[in-house]
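Visitor:
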Amino acid sequence: KAGVTQTPRYLIKTRGQQVTLSCSPISGHRSVSWYQQTPGQGLQFLFEYFSETQRNKGNFPGRFSGRQFSNSRSEMNVSTLELGDSALYLCASSSGLVYEQYFGPGTRLTVT
Amino acid sequence: GQQVMQIPQYQHVQEGEDFTTYCNSSTTLSNIQWYKQRPGGHPVFLIQLVKSGEVKKQKRLTFQFGEAKKNSSLHITATQTTDVGTYFCVESNQFYFGTGTSLTVIP
Numbered sequence: 001k002a003g004v005t006q007t008p009r010y011l012i013k014t015r016g017q018q019v020t021l022s023c024s025p026i027s028g029h030r031s032v033s034w035y036q037q038t039p040g041q042g043l044q045f046l047f048e049y050f051s052e053t054q055r056n057k058g059n060f061p062g063r064f065s066g067r068q069f070s071n072s073r074s075e076m077n078v079s080t081l082e083l084g085d086s087a088l089y090l091c092a093s094s095s096g097l098v099y100e101q102y103f104g105p106g107t108r109l110t111v112t
Numbered sequence: 113g114q115q116v117m118q119i120p121q122y123q124h125v126q127e128g129e130d131f132t133t134y135c136n137s138s139t140t141l142s143n144i145q146w147y148k149q150r151p152g153g154h155p156v157f158l159i160q161l162v163k164s165g166e167v168k169k170q171k172r173l174t175f176q177f178g179e180a181k182k183n184s185s186l187h188i189t190a191t192q193t194t195d196v197g198t199y200f201c202v203e204s205n206q207f208y209f210g211t212g213t214s215l216t217v218i219p
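Just so you know, the protein sequences line up as chains A and B, in that order.
The C-terminal position of the first sequence is numbered 112 in this note's numbering, with every residue numbered one higher than the one before it.
The C-terminal position of the second sequence is numbered 219 in this note's numbering, with every residue numbered one higher than the one before it.
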């Protein structure tokens with residue numbers, strides 16, 4: 001089985017712009033979660049989608065949004081980028097809540 | 113949501129020494145999962161514990177789930193440089209990974 005893929009792998013944006021990141025889960029996995037990882041804050045949960053519905057949400061502002069398509073692929077959007085949004089964004093897929101998560105390689109976002 | 117707290121945040125050990133990281137919760141956990149993230153990599157699932165008092169081993173790694181299901185530990189015997197990385201514990205339906213424990217192994 002192919003693993004979780006994320007595109008793009010690297011991205012440089014300017015403050016105020018918006019960005020869309022993509023995640024393709026492992027085939028058959030219906031749950032996709034998104035995380036932000038920074039050196040100081042660790043791995044922080046953004047949201048989780050299951051069957052095209054946002055099922056769980058972390059404590060991030062409304063500038064961070066996501067969606068999931070019928071084929072379970074997911075996108076994450078960040079609007080009005082701030083310098084503090086520079087981070088590694090990881091997505092993970094799972095068969096469901098009680099199962100392990102499989103992480104993708106991440107998208108490294110740099111905001112200048 | 114419920115958060116599992118992990119200690120220590122950082123640990124430096126000489127190669128060959130043992131290492132332990134602990135996870136604690138104020139409430140009963142349904143399960144606990146452990147992940148390892150190598151420097152520059154992404155978290156990789158290691159194991160899941162579900163039963164009270166459960167102990168599982170993977171070569172030099174020993175995972176324990178407390179009798180009250182409120183704490184868990186990961187113990188590495190005779191660390192090697194390949195053990196370097198950050199270890200996270202998380203309850204499967206809570207998504208809270210936190211900062212984990214960063215392990216440095218000094219050759």
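The beta-carbon is built from N, C-alpha and C at its ideal position, and this holds for glycine as well.
If you're wondering where the values come from, they're calculated on a predicted model, not measured in any experiment.
(1) Starting from B/Asn143, find everything on chain A with Cβ-Cβ shorter than 8 Å and list it in chain order.
(2) Are there three or more Cβ pairs, one per stretch, closer than 8 Å when the segment 15-35 of chain A is compared with the segment 85-103 of chain A?
(3) Beta-carbon of B/Gly178 versus every beta-carbon of chain A: anything under 8 Å?
(4) Within a Cβ cutoff of 6 Å, which residues of the same chain sit near B/Gln149, ignoring the five residues on either side of it in sequence?
(5) Cβ atoms of A/Leu109 and A/Ser74: under 8 Å apart, would you say?
(6) Using beta-carbon positions only, say whether A/Ser65 and A/Glu48 come within less than 8 Å of one another.
(7) Residues of chain A with CB under 8 Å from B/Gly212, in chain order?
(8) Under three-state DSSP, which class holds A/Gly97?
(9) Between A/Pro25, A/Gln36, A/Gly3, which has its C-alpha nearest A/Thr114's C-alpha?
(10) Straight-line CA distance for A/Tyr102 to B/Thr174?
(11) Which of the three DSSP states, helix, strand or coil, is assigned to A/Gly84?
(12) Which residues in chain A sit within 7 Å of B/Pro120, going by Cβ to Cβ distance?
(13) Please check the pair B/Ser204 and B/Gln160, which I expect to be a contact at CB under 8 Å, by giving their CB distance rounded to whole angstroms.
(14) Anything in the segment 55-66 of chain A with a Cβ closer than 9 Å to a Cβ of chain B? List those residues in chain order, please.
(15) Counting pairs of Cβ atoms below 8 Å between the segment 183-195 of chain B and the segment 134-151 of chain B, do you hit three or more?
(16) Within its chain, find whatever has a CB closer than 6 Å to the CB of A/Met76; leave out the 5 residues flanking it on each side and keep chain order.
(17) Given that B/His154 touches chain A, what residues does it touch there, using C-beta distances under 7 Å?
(18) In angstroms with no decimal places, state the Cα-to-Cα distance between A/Ser79 and A/Thr7.
(19) Have a look at A/Thr5 and A/Leu90 and give me their C-alpha separation to the nearest angstrom.
(20) How about B/Tyr134: is its C-beta nearer than 8 Å to some C-beta of chain A?
(21) Out of curiosity, what's the CA-to-CA distance linking A/Gln18 and A/Asn71?
(22) Run down chain B in chain order and give the residues with a C-beta less than 7 Å from the C-beta of A/Ala33.
Guide: This is what the structure holds:
(1) Val98, listed in chain order.
(2) At 8 Å Cβ cutoff, the stretches touch.
(3) Taking 8 Å as the threshold, the shortest C-beta distance from B/Gly178 to chain A does not fall below it.
(4) Closer than 6 Å at the Cβ level, and outside the excluded window around B/Gln149, lie Pro155, Gly197, Thr198.
(5) For A/Ser74 and A/Leu109, no; Cβs fall outside 8 Å.
(6) Cβ atoms of A/Ser65 and A/Glu48: not closer than 8 Å.
(7) Against B/Gly212, the close residues of chain A are Gly42, Leu43, in the order they occur along the chain (beta-carbon pairs closer than 8 Å).
(8) Checking the displayed sequence, the identity of residue 97 of chain A turns out to be Leu instead of Gly. Taken through DSSP and simplified to helix, strand or coil, A/Leu97 comes out as coil.
(9) Absent from the structure is residue 114 of chain A, since the part of chain A shown begins at 1 and ends at 112.
(10) Roughly 22 Å between the two C-alpha positions.
(11) If DSSP states are grouped into helix, strand and coil, A/Gly84 belongs with the helices.
(12) The contacting residues do not exist; B/Pro120 stays about 14 Å from chain A at best.
(13) Right, the Cβ-Cβ distance comes to about 7 Å (below 8 Å), so this counts as a contact.
(14) For the segment 55-66 of chain A, residues whose beta-carbon sits nearer than 9 Å to a beta-carbon of chain B comprise Asn56, Gly58.
(15) As far as the Cβ criterion goes, the segment 183-195 of chain B touches the segment 134-151 of chain B, which means the pair count is three or higher.
(16) Only Leu21, Trp34, Gly66 meet the Cβ criterion.
(17) Per Cβ cutoff of 7 Å: Leu90, Phe103, Gly104, Pro105, Gly106.
(18) Cα to Cα, A/Ser79 sits roughly 18 Å from A/Thr7.
(19) Going from the Cα of A/Thr5 to the Cα of A/Leu90 covers about 10 Å.
(20) Output row for B/Tyr134: interface = no.
(21) Cα to Cα, A/Gln18 sits roughly 24 Å from A/Asn71.
(22) Reading off the sequence, residue 33 of chain A comes out as Ser, not Ala. Against A/Ser33, the close residues of chain B are Phe207, in the order they occur along the chain (beta-carbon pairs closer than 7 Å).
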